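In the working numbering, the protein residues as written are 18 to 120.
For every residue, glycine included, the Cβ atom is placed at its ideal position computed from N, Cα and C.
Model, not experiment: these values are computed from the prediction.
Below is one structure, written out as structure tokens; the observations come after it.
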């Protein structure tokens, strides 16, 4: 069902399958690279940071009477997105120590 109906039918399986596919591609494309292990772990690390960014974003969801629920959810989405982009940038530039030509 997950393959036919999309990510909504079986979210966890599709999400983990996407992460494993990206890790596999990294392993095959950068097999001769000395930093291959960092490149293989990058999708898993970004997914982990996405969970942390989602938790941070939930603290910014406050429904006020004059703005409504949509604005509150949108504010949480924007905060989580900004946190994830910043964390992914940090991860790619310093945490995994990629070669200079990839950063």
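Report task. Could you tell me the distance, in whole angstroms, from the CA atom of residue 67 to the CA atom of residue 101? Result -> Working through the chain shown from its first residue, we reach residue 67 at position 50. Working through the chain shown from its first residue, we reach residue 101 at position 84. Near 6 Å, if we compare the C-alpha coordinates of residue 101 and residue 67.
Report task. Would you please state the rounded distance, in angstroms, between the beta carbons of residue 53 and residue 44? I believe it to be under 8 Å. Result -> Position 36 of the chain shown, counted from the first residue, corresponds to residue 53. Position 27 of the chain shown, counted from the first residue, corresponds to residue 44. About 7 Å separates the two Cβ atoms, so the contact holds.
Query raised in the report: CB-CB under 7 Å to residue 104, same chain, minus the five flanking residues each way: which ones, in chain order?
Result: Your numbering for residue 104 matches position 87 in the chain shown. Apart from the 5 residues on each side of it in sequence, residue 104 sits with its Cβ closer than 7 Å to the Cβ of 66, 70 in its chain, given in chain order.
Query raised in the report: By Cβ distance, which residues of its chain are closer than 7 Å to residue 99, with the 5 residues on each side in sequence left out?
Result: In the chain shown, residue 99 corresponds to position 82, counting from 1. Nothing meets the Cβ criterion.
Query raised in the report: Whole-angstrom Cβ separation of residue 74 and residue 88, contact assumed at under 8 Å?
Result: For this step, residue 74 is matched to residue 57 along the chain shown. For this step, residue 88 is matched to residue 71 along the chain shown. Rounded, the Cβ-Cβ distance is 14 Å, inconsistent with contact.
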